[in-house]
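Below is one structure, written out as structure tokens, with a few remarks after it.
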Amino acid sequence: MTNTATDSKDYVLGVTREEYERLGLQHSLWASRAIRLWRRAGLPEKSAKSLKAIDCGCGPGFTTFELANYLGPKSRVVGIDRAEPYLLALETRVREETKRGEDSRLAKIETRQAGIDTFTLDEKDFDAAYARWIFIFLKDPEAAIRNVARHLKPGGLFLFQDYVDYRTMALHPSPPLFRKMVEQIIASWAAHGGDANVAARLPLLLEKNGFEIVSLTPQMRVGRPHQKVWLWPDSFFKNYLPILARDGYLSAAEERELQAAWTKASRMKNAFYVGPTVLDIVARKR
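What follows is the structure, given as structure tokens:
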């Protein structure tokens with residue numbers, strides 16, 4: 015799995031082995047919160063009915079498998095993503111699960127290589143769609159909302175987990191360059207057409223395009239060096255700070271200073287990290 019020019023264009027964080035592993039770690043830390051959102055939204059668990067769901071921006075399929083396990087074997091999940099290497103990884107895992115006979119507990123999984131704003135499926139009566147940390151990278155989130163809406167039945171659920179205030183990210187004690195780093199992350203995503211605070215815009219866009227907002231719930235993670243959640247920013251900084259330096263958002267000296275500050279904090283008993291605020295959105299198609 016390499017980081018080609020096409021891959022970088024599709025996904026600003028890159029399509030690499032390191033990013034694949036980071037996504038897996040990230041999912042392990044957020045899976046329970048995804049399930050909590052699905053339950054709060056009233057999405058049936060181990061459904062006796064045949065349900066259909068869309069995983070928007072599925073990447074290598076960590077959320078796709080989680081959703082397939084949640085819905086159960088009578089249902090179906092379609093993962094949508096632009097990055098072919100990630101879809102191939104997902105499809106390989108599906109084949110391996112089938113070979114081991116472990117697919118009997120899962121909903122049927124399919125994939126489509128396409129953007130969230132452009133994919134087309136024959137059915138237009140899906141029960142639910144789920145999107146986690148994909149709308150922050152979209153140039154036109156409203157077009158994506160309209161396209162997903164076309165595929166949901168009336169009463170269908172559109173469930174989000176995305177950043178609403180990226181500037182709440184903090185490290186204590188705070189290194190001198192930390193605030194600049196946060197602003198440069200936001201700027202780098204904006205340069206690719208993204209919005210690090212996209213969830214602040216989503217409720218109005220959803221309402222405008224035929225959805226009722228059922229609930230808005232904030233999520234925040236705080237971690238100390240001895241806790242697993244610390245590995246979430248640890249893996250992100252190790253992967254993304256070199257990209258910021260490569261692309262001119264940080265100097266090489268600034269990157270080294272930030273990496274050294276993070277290493278120092280990681281050895282401090284009472285240092286702590288505060289993650290960017292995530293907003294859970296439950297929307298229902300009218």
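Here our numbering = 1-based position in the sequence shown + 14.
A virtual CB, placed ideally from N, CA and C, is assigned to each residue, including glycine.
Using the Cα positions of residue i and residue j, report the straight-line distance between them to the nearest angstrom.
| i | j | result |
| --- | --- | --- |
| M234 | D209 | 19 Å |
| G207 | K66 | 30 Å |
| A163 | R270 | 45 Å |
| I295 | L81 | 17 Å |
| A184 | I159 | 31 Å |
| F133 | Q127 | 8 Å |
| L191 | R114 | 49 Å |
| Y263 | M195 | 8 Å |
| R193 | Y144 | 31 Å |
| P189 | P74 | 34 Å |
| Y84 | R53 | 10 Å |
| A45 | T106 | 21 Å |
| C72 | L135 | 16 Å |
| V243 | G289 | 10 Å |
Looking only at its chain, what residues have a beta carbon closer than 7 Å to the beta carbon of residue i, apart from the 5 residues adjacent to it on each side?
| i | result |
| --- | --- |
| D21 | Its pLDDT being 41, under 50, D21 is placed unreliably in this model, and the value from its coordinates should be taken loosely. So the qualifying residues of the chain are G28, V29, A97 and P99. |
| L245 | L39 |
| G129 | R96 |
| E268 | L191 |
List the whole-angstrom C-beta distance separating residue i from residue j, where the pair is believed to meet the contact cut-off of C-beta under 8 Å.
| i | j | result |
| --- | --- | --- |
| S61 | S42 | That belief does not hold up - the Cβ atoms of S61 and S42 are roughly 24 Å apart, past 8 Å. |
| L120 | E110 | The pair is not a contact, with the Cβ atoms about 12 Å apart (cut-off 8 Å). |
| S202 | D248 | Rounded, the Cβ-Cβ distance is 19 Å, inconsistent with contact. |
| V212 | P155 | 6 Å |
| W276 | F251 | 6 Å |
Would you kindly report the start and end of the unbroken beta strand (DSSP E) that includes residue i?
| i | result |
| --- | --- |
| Y287 | F286 to V288 |
| D294 | T291 to K299 |
| E226 | F225 to Q233 |
| I94 | R90 to D95 |
| A142 | F140 to R146 |
| A204 | Run containing A204: none in the beta strand (DSSP E); it sits in the alpha helix (DSSP H), F192 to A205. |
| A184 | A184 to H186 |
Please confirm whether residue i and residue j have their CB atoms less than 8 Å apart.
| i | j | result |
| --- | --- | --- |
| F94 | D131 | This sequence places Ile at residue 94; Phe is not what is there. Contact: no. |
| V228 | Y287 | no |
| H186 | A274 | no |
| F140 | G170 | yes |
| F149 | F225 | no |
| V176 | V92 | The identity of residue 176 in the sequence shown is Asp, whereas the question assumes Val. Not a contact, by the Cβ cut-off of 8 Å. |
| R36 | N253 | yes |
| L272 | Q198 | no |
| L152 | T125 | no |
| L230 | A142 | no |
| A55 | R146 | no |
| S280 | P217 | no |
Under DSSP, the alpha helix (DSSP H) around residue i begins and ends at which residues?
| i | result |
| --- | --- |
| H9 | Since the displayed the chain opens at 15 and closes at 300, residue 9 lies outside it and no answer follows. |
| E98 | E98 to R114 |
| R119 | First-last for R119: undefined, no H or E at that position. |
| I68 | Note, I68: premise wrong, no alpha helix (DSSP H); beta strand (DSSP E) at K66 to C70. |
| A274 | A266 to S280 |
| A259 | L245 to R260 |
| V29 | That residue, V29, is in no alpha helix (DSSP H); it is neither H nor E in DSSP. |
| E80 | F76 to L85 |
| K283 | Unbroken run through K283: none, as it is neither H nor E. |
| P58 | It is not in any alpha helix (DSSP H) - P58 carries neither H nor E in the DSSP assignment. |
| P239 | Segment: none, P239 is in no alpha helix (DSSP H) and carries neither H nor E. |
Tell me which same chain residues have a C-beta within less than 6 Å of the C-beta of residue i, skipping the five on either side of it?
| i | result |
| --- | --- |
| W122 | It should be noted that the sequence gives Lys, not Trp, for residue 122. Answer for K122: R90, listed in chain order. |
| V108 | I123 |
| L166 | F140 and K299 |
| T16 | Below a pLDDT of 50, predicted positions are generally treated as unreliable, and T16, at 42, falls in that range; the measurement from the model is reported next regardless. Within the same chain, T16 has no close Cβ partners at all. |
| A19 | Unreliable positioning characterises A19 in this predicted model, as indicated by a pLDDT of 33, which lies under 50. The coordinate reading is nonetheless provided below. There are no such residues. |
Return the chain-ordered list of same chain residues with a C-beta closer than 8 Å to the C-beta of residue i, the five sequence neighbours on each side being excluded.
| i | result |
| --- | --- |
| G86 | E59, K60, S61, R119, L120 and A121 |
| L220 | I159, F172, I227, I295 and A297 |
| P232 | V178, T291, V292, L293 and D294 |
| E137 | K66 and H165 |
At a cut-off of 7 Å, is residue i close to the ligand ADP when judged by its beta-carbon and the heavy atoms of the ligand?
| i | result |
| --- | --- |
| I295 | By its list of ligands, the structure shown contains no ligand whatsoever, and the ligand ADP lies outside what it can speak to. |
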